[in-house]
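Enquirer: This is the structure I have questions about; it appears just below.
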Amino acid sequence: MASSYISIEGIARRFPAPEGGKTTIFEDLWFGMERGEFVCVIGHSGCGKTTVLNILAGLDEPTEGAVIIDGKAIEGPSLDRAVIFQSHGLLPWRTVLGNVAYAVASKWRDWPKAKVEEHARKAIATVGLAGAEMKKPSQLSGGMKQRVGIARALSIEPKIMLMDEPFSALDALTRGTLQDEVRGLCRTTGQTVFMITHDVDEAIYLADKIVLMTNGPDARIAEIVVNPLPADRSRHDVHKHPAFYPVRNHIIDFLVTRSKSFAAELATPGKVWNRRSPPLVTPGAPDPTPPLARAV
Ligand SMILES: Nc1ncnc2c1ncn2[C@@H]1O[C@H](COP(=O)(O)OP(=O)(O)OP(=O)(O)O)[C@@H](O)[C@H]1O
Ligand SMILES: [Mg+2]
1 MASSYISIEG IARRFPAPEG GKTTIFEDLW FGMERGEFVC VIGHSGCGKT TVLNILAGLD
61 EPTEGAVIID GKAIEGPSLD RAVIFQSHGL LPWRTVLGNV AYAVASKWRD WPKAKVEEHA
121 RKAIATVGLA GAEMKKPSQL SGGMKQRVGI ARALSIEPKI MLMDEPFSAL DALTRGTLQD
181 EVRGLCRTTG QTVFMITHDV DEAIYLADKI VLMTNGPDAR IAEIVVNPLP ADRSRHDVHK
241 HPAFYPVRNH IIDFLVTRSK SFAAELATPG KVWNRRSPPL VTPGAPDPTP PLARAV
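So the sequence shown is numbered by full-length UniProt numbering: it starts at 1 and just counts up by one.
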């Protein structure tokens with residue numbers, strides 16, 4: 001675990017409960033991410049996904065445990081880590097270009113204005129918003145605002161992208177195009193991605209690993225699905241791969257049943273569980289047991 005690029009080590013987050021005492025949102029999360037890995041997190045509303053992402057961003061701190069990135073504990077936000085917020089988080093008084101250029105200028109402080117703007121315009125074009133540069137956020141639809149947030153994150157070419165349901169406000173066509181764009185960019189730049197989504201198909205298309213969180217309060221990482229689909233998959237035929245439905249069914253079963261019953265599952269006699277190393281599972285992978293052993 002210690003050698004992972006991003007190492008989440010036993011974090012818990014508690015908030016004061018309205019009736020006094022504390023509510024534990026999640027507890028004892030351990031998880032490692034390698035450089036260049038694309039990780040999606042799936043779990044029901046309220047299990048603490050955004051809180052974990054805020055901790056990775058340096059915007060919140062765990063009550064217990066630590067997050068180590070590249071050998072160093074996180075100390076606040078960094079331009080190496082871009083965040084795409086669940087709510088877009090744009091500066092309302094700046095134009096689209098102003099919002100993106102502000103991020104670019106914070107990253108490359110010695111760039112002249114023209115270079116900053118050129119770079120920002122490229123990012124805006126990548127998310128399909130060329131022509132809307134001079135609009136203010138209040139003049140944009142929800143999906144357009146979300147795309148400005150994505151452009152802003154992409155524009156600073158961060159080592160790590162932290163994305164909180166980045167495509168949820170978009171229509172299906174735009175969502176597909178942006179998924180392709182972001183996946184392509186992350187693969188070519190070798191960015192490490194931590195993304196929250198409620199969309200199982202999106203996770204299977206994008207992620208190398210899918211982290212399954214149980215329901216809160218007291219949420220845990222139940223297991224980590226290692227995506228068996230080939231890395232060069234395409235959005236149009238991903239569902240034709242023989243492992244697609246086994247993976248999808250596994251995740252949906254988790255969301256429908258096991259996310260609630262996981263504590264009881266852990267209490268069943270004989271269940272082996274190492275909290276520091278949640279099991280890696282690969283639904284749909286060929287059964288490694290030799291056929292003879294299975295027949296006996
Ligand atoms: N500052 C805070 N004070 C008190 N409780 C908080 C605070 N921030 C988050 N919570 C609580 O922590 C829990 C987890 O919140 P979080 O936003 O991380 O959930 P989530 O998994 O991202 O949910 P969703 O899928 O709905 O976005 C919720 O019950 C929320 O009310
Ligand atoms: Mg959230």
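Here a beta-carbon is modelled for each residue, glycine too, at the ideal position from N, C-alpha and C.
Indicate, with yes or no, if ligand 2 has a heavy atom lying under 7 angstroms from the CB of Asp164.
Expert: yes
Enquirer: In terms of alpha-carbon separation, which member of Cys47, Pro92 and Gly32 lies closest to Ile68?
Expert: Gly32
Enquirer: Looking only at DSSP bridge pairs, what is Phe31 linked to?
Expert: Ile8
Enquirer: Can you name, in chain order, every residue of its own chain whose Cβ lies under 8 angstroms from the Cβ of Pro230, other than the five neighbours on each side?
Expert: His241
Enquirer: For the beta strand (DSSP E) containing Val225, name the first residue and the last one.
Expert: Ile221 to Val226
Enquirer: Roughly how many angstroms lie between the CA atoms of Val296 and Ala285, to the nearest whole one?
Expert: Note that Val296 scores 42 on pLDDT, short of 50, meaning its location in the model is unreliable; the coordinates nonetheless yield the value given after this. Whole-angstrom Cα-Cα distance: 21 angstroms.
Enquirer: I'd like to confirm the pairing. Which residues does DSSP put opposite Ile68 in its beta bridges?
Expert: Ser7 and Ala73
Enquirer: Looking at C-alpha atoms only, which residue of Arg35, Met161, Ser234 and Ala66 is the closest neighbour of Glu202?
Expert: Ser234
Enquirer: To the nearest angstrom, how far is the alpha carbon of Glu239 from that of Val52?
Expert: According to the sequence as given, residue 239 is His; it is not Glu. His239 and Val52 have their alpha carbons spaced roughly 30 angstroms apart.
Enquirer: Please state whether the Cβ-Cβ distance between Gly65 and Glu9 is less than 8 angstroms.
Expert: yes
Enquirer: Is the beta carbon of His119 less than 8 angstroms from the beta carbon of Ser155?
Expert: yes
Enquirer: What are the boundary residues of the beta strand (DSSP E) that includes Met163?
Expert: Ile160 to Asp164
Enquirer: State the CB to CB distance for the pair Met163 and Met195, rounded to an integer number of angstroms; the pair is presumed to be in contact (CB under 8 angstroms).
Expert: Yes, Met163 and Met195 are in contact; Cβ-Cβ is about 4 angstroms, under 8 angstroms.
Enquirer: Would you say Gly176 and Ile25 are within 8 angstroms of each other, going by their C-beta atoms?
Expert: Going by C-beta atoms, Gly176 is not nearer than 8 angstroms to Ile25.
Enquirer: Less than 8 angstroms between the beta carbons of Pro92 and Ser138, yes or no?
Expert: yes
Enquirer: Taking the alpha helix (DSSP H) that Leu56 belongs to, which residues open and close that run?
Expert: Lys49 to Ala57
Enquirer: Would you say Ala247 and Pro283 are within 8 angstroms of each other, going by their C-beta atoms?
Expert: The question names Ala, yet the displayed sequence has Val at residue 247. Result yes, Cβ atoms of Val247 and Pro283 sit closer than 8 angstroms.
Enquirer: Buried or exposed, going by whether 16 or more other CB atoms sit within 10 Å of the CB of Ile55?
Expert: The residue is buried, with at least 16 neighbouring Cβ atoms inside 10 Å.
Enquirer: Pick from Ser261, Arg258, Ala105 and Cys186: whose alpha carbon is nearest that of Ala37?
Expert: Sequence check: residue 37 is Glu here, not Ala. Answer by Cα proximity: Cys186.
Enquirer: Output needed for Phe244: all residues of its chain with C-beta closer than 8 angstroms, excluding positions within five of it in sequence on either side, in chain order.
Expert: Ile204, Leu229, Val238 and Gly284
Enquirer: CB-CB under 6 angstroms to Pro278, same chain, minus the five flanking residues each way: which ones, in chain order?
Expert: Ile221, Glu223 and Ile224
Enquirer: Assuming Val83 and Ala101 form a contact by the criterion Cβ under 8 angstroms, report the distance between their Cβ atoms to the nearest whole angstrom.
Expert: Going by Cβ atoms, the distance from Val83 to Ala101 rounds to 18 angstroms, so no, they are not a contact pair.
Enquirer: Quick one: give me the first and last residue of the beta strand (DSSP E) that Arg81 is part of.
Expert: Arg81 to Ile84
Enquirer: For Lys209, count the other beta carbons within 10 Å of its own beta carbon; 16 or more makes it buried, fewer makes it exposed. Which is it?
Expert: buried
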